[in-house]
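According to mature numbering (1 follows the signal peptide of the UniProt record, and there is no 0), the stretch in the sequence shown is residues -24 to -1, 1 to 463, in order. One structure is given below, encoded as C-alpha cells.
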Amino acid sequence: MIINLFFEFVCLSCLTIIVVQCRATHPVPPRLIMLFTLSRHGDRTPINVIHGDPYTKHWTSGYAQLTVTGAAQLVELGQFVRNRYGAFIPPTYHKDKCFFRSSGTHRTLMSASSFIRGLYHSEQEKSDYVPPPVFSTSENEDHLLKMSQNCPAYRDTVHTLMSTDQVSKKVASFANTLKVLQVEFPQMYKLPPDSMNLLRPSWEICDHVSIWIRHKLPNRPTWLTERVVSDCHDLITYKMSTFYSTLNLRRFRGGPLAAHLVRLLRIRANAELDPDVTLPNPLPEPLGLDLMEPVNQKMLLVSYFAHDSTLSALMSHFGIFNKQIPPLASCLLVELHRVSQPADQPFEEFFVRFAYRNFTGLDLPVSERQKKKPILLWPPACGPKDLAVEQDYLCSLTVLESTIRGTYLLKSQPEQCYSHTDSDKVMELLITPDCTMHLFVLIIILVQVFLIFCLFHRLRRSGCKLRTVHVRTAIGPVHSHRISHAH
C-alpha cells in the first residue's frame, strides 16, 4: 500500500511539473485592466517663511506654490502617461473611466490640473473641451495623502524614535552644518538642543537651501558652502528614510494608503468576475476618506497627486522605497493585469506590477526623458528577486492583500491616532470652549461671594445696623444680601 501511495505521489508530482511547464511555455498574455498613479507635485516655492531668507522677494507667487517650471513638469508627466498607455486610456475624458484626486494643497491641485493638460493635450485644442474635475478633501481630514495630518500617536512614536542613541549619533555626524545653521538662524533654535529640536528647524532651512540651489539664485550667502548644500540634501533624505522606517510608524502613515490602493485593485478585479459567484472580499476600510465610493467600479485610470512624503510612506509600506527623496513630478505607476485561464485550470487571475518614474531631474531633453522607461519594482512579499524577472514583475494581488492585512489603521479606529498621554493634549481635550466659559462664570460668582462676605464681616465688626437690599449679579438672577444703612 505504501508503495502504491508513493507511486501515485510521484505521478502527481510529474503531472504538476508538466502543467507548470506548459503554462510557462504557452503563457496567456496579461491584459491591463486598471492603472493607478501616485505623483509628487512639481517644482515649488519654499513651504515656510524663515527669518534671514535672503531671497524673500523672489517668491512672487507666495510660499508653497507651484512654479511655472513645476507646471511644465506635470504636463510632461501627463504626456508620458499618454504615450505609454495611449491604447488603454481613452482619448477623451469620461467620468466612469478616469478619476483624479489631489491632497488639499495649492501645489498638488495645480499639479493635477497640469497633468490633465498633458494627458488630454490634443483635446484642449477643441473649442468644446471641458477640463475634468479634480477631487480633494480638507488637509485636516486627509489620512491618505497628507502625511502631516494631525495624529498625535504617530507624532509621539516619531519623538520616541528620535530619542534613541542611533539618531543621536546620526545628528552628531552633521554637527558642523548644524552649527552653521544655528549661527545664521538663531531664532529657529530656541528649544533645548535634543535631536528633534535640532532636526526640525534644520529641515525647514534645508528646504529653502535646496530650492535656492535648484533655482540657481545669484549672490549665494558665504556660509552656504558645498558642504552645507550636501549635508542639507542628506538631512532631508534622512527624514524621508526615518519617518516611515518601522512597522508601527507605517501603521499610521503609508499603511492606510497602501490598504486603500489594494482595496481599489480588488474592487476593480471583482468587477471583471461573474457576479453570481462568491467574490473575494476587499481589505477592511483604512482610516481616511474614500472619495472613490460613488465612482464606477470599472475605472481604467485612477490618478492621485500628493507629496514626496506620500510616495515615501507608500513605497516604504510595500518595501520598495530606495530611501532617496522622490524627485519633483516623480510618479509611482501601479498596473493591475488579468491573466485569463480555462475554468478547469483555476489559479490566480489578477497580478500587480509596480513601476517608478523618478528621473524628472535628469539633465536630458524632454524627448529623451519621454523615451526612458520607468524602473520596475518588486515588493519582497511577492517572492525572491529572481522570480520577478521570470514573472515579468507581475505580483499576485492575493499575496499583496495578505501582506497588507493587519498592518494599517482601520477606518473604525480613528481614536487610536489620539491615544497618547501628553498633559497639554489631555488639557486640550478636557477644556473645551463651553467648559472654558463655564469656568469663567464660576470664577466671577466666587469673586462676588468673596467680596460680599468680606464686606459683611467688616460691617459686623464696626457695629453698623443692617437691612436687606436686592443686588443683581453680573450673570443672572437677583440675590438678597444684608448691608449697612447709614444713619
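Note that beta-carbon positions come from the ideal geometry of N, C-alpha and C, so glycine has one too.
{"Item": "Given this structure, state the Cα-to-Cα distance separating R20 from T45, to the nearest angstrom.", "Value": "8 Å"}
{"Item": "Output the residue ranges of the beta strand (DSSP E) runs that lie fully inside the segment 259 to 283 and measure 3 residues or longer, sorted by chain position.", "Value": "277 to 282"}
{"Item": "Report, in whole angstroms, the separation of the C-beta atoms of N272 and D72, which I expect to be a contact under 8 Å.", "Value": "4 Å"}
{"Item": "Return the bridge partner residues of T218 from the DSSP annotation.", "Value": "BP columns for T218 are empty, so no partner."}
{"Item": "Please return the same chain residues whose Cβ sits closer than 8 Å to the Cβ of F111, not counting the five positions on each side in sequence.", "Value": "F75, F76, R77, S78 and L267"}
{"Item": "By alpha-carbon positions, which one of V310, V315 and T222 ends up nearest to E248?", "Value": "V315"}
{"Item": "Taking W35 as the reference, which of W199, H191 and R244 has the closest Cα?", "Value": "H191"}
{"Item": "Using the C-alpha atoms, what's the distance from A331 back to L304?", "Value": "16 Å"}
{"Item": "I need the straight-line Cα distance from R131 to L8, nearest angstrom please.", "Value": "39 Å"}
{"Item": "When you compare the CB positions of A364 and H293, do they come within less than 9 Å of one another, or not?", "Value": "no"}
{"Item": "Report, in whole angstroms, the separation of the C-beta atoms of S279 and F56, which I expect to be a contact under 8 Å.", "Value": "Going by Cβ atoms, the distance from S279 to F56 rounds to 12 Å, so no, they are not a contact pair."}
{"Item": "Could you check what DSSP says for A48 in three-state terms: helix, strand or coil?", "Value": "helix"}
{"Item": "Can you tell which of E311, C307 and S288 has its C-alpha closest to the C-alpha of H300?", "Value": "The question names His, yet the displayed sequence has Gln at residue 300. Q300 has its Cα closest to that of S288, out of E311, C307 and S288."}
{"Item": "Which residue from Q158, L174, K122 and Q125 puts its Cα closest to that of S139?", "Value": "L174"}
{"Item": "Counting Cβ pairs, one atom from each stretch, are 3 or more of them under 8 Å apart for the segment 82 to 98 and the segment 192 to 205?", "Value": "no"}
{"Item": "Give me the Cβ distance between T254 and E324, rounded to the nearest whole Å; I'm assuming they're in contact under 8 Å.", "Value": "At roughly 16 Å, the Cβ-Cβ gap does not stay under 8 Å, so T254 and E324 are not in contact."}
{"Item": "Please report the residue range of the alpha helix (DSSP H) in which H135 lies.", "Value": "P128 to M138"}
{"Item": "Return the CA-CA distance between T68 and M172, expressed in angstroms with no decimal places.", "Value": "49 Å"}
{"Item": "Kindly list the residues whose CB is nearer than 7 Å to the CB of T397, restricted to its own chain and excluding five residues on each side of it in sequence; keep chain order.", "Value": "Here T397 scores only 44 on pLDDT, less than 50, and its place in the model is too uncertain to base an answer on."}
{"Item": "Evaluate H70 with the Cβ neighbour count: other Cβ atoms within 10 Å of its Cβ, from every protein chain shown; 16 or more gives buried, anything less gives exposed.", "Value": "exposed"}
{"Item": "Decide yes or no for the touch test of the segment 178 to 190 against the segment 24 to 33: beta carbon pairs closer than 8 Å, at least 3 of them.", "Value": "yes"}
{"Item": "Short of 7 Å in beta carbon distance, which residues of its chain neighbour L95, apart from the five on each side in sequence? Order them along the chain.", "Value": "G54, V57 and R58"}
{"Item": "So, using beta-carbon positions, are L263 and K122 closer together than 9 Å?", "Value": "no"}
{"Item": "Contact check, S10 vs M275 under 8 Å by CB: the rounded distance?", "Value": "Before going on, a small fix: residue 10 reads as Met here, not Ser. Going by Cβ atoms, the distance from M10 to M275 rounds to 6 Å, so yes, they are a contact pair."}
{"Item": "Indicate the three-state DSSP secondary structure (helix, strand or coil) for E311 in the structure shown.", "Value": "strand"}
{"Item": "When you compare the CB positions of A48 and C393, do they come within less than 9 Å of one another, or not?", "Value": "no"}
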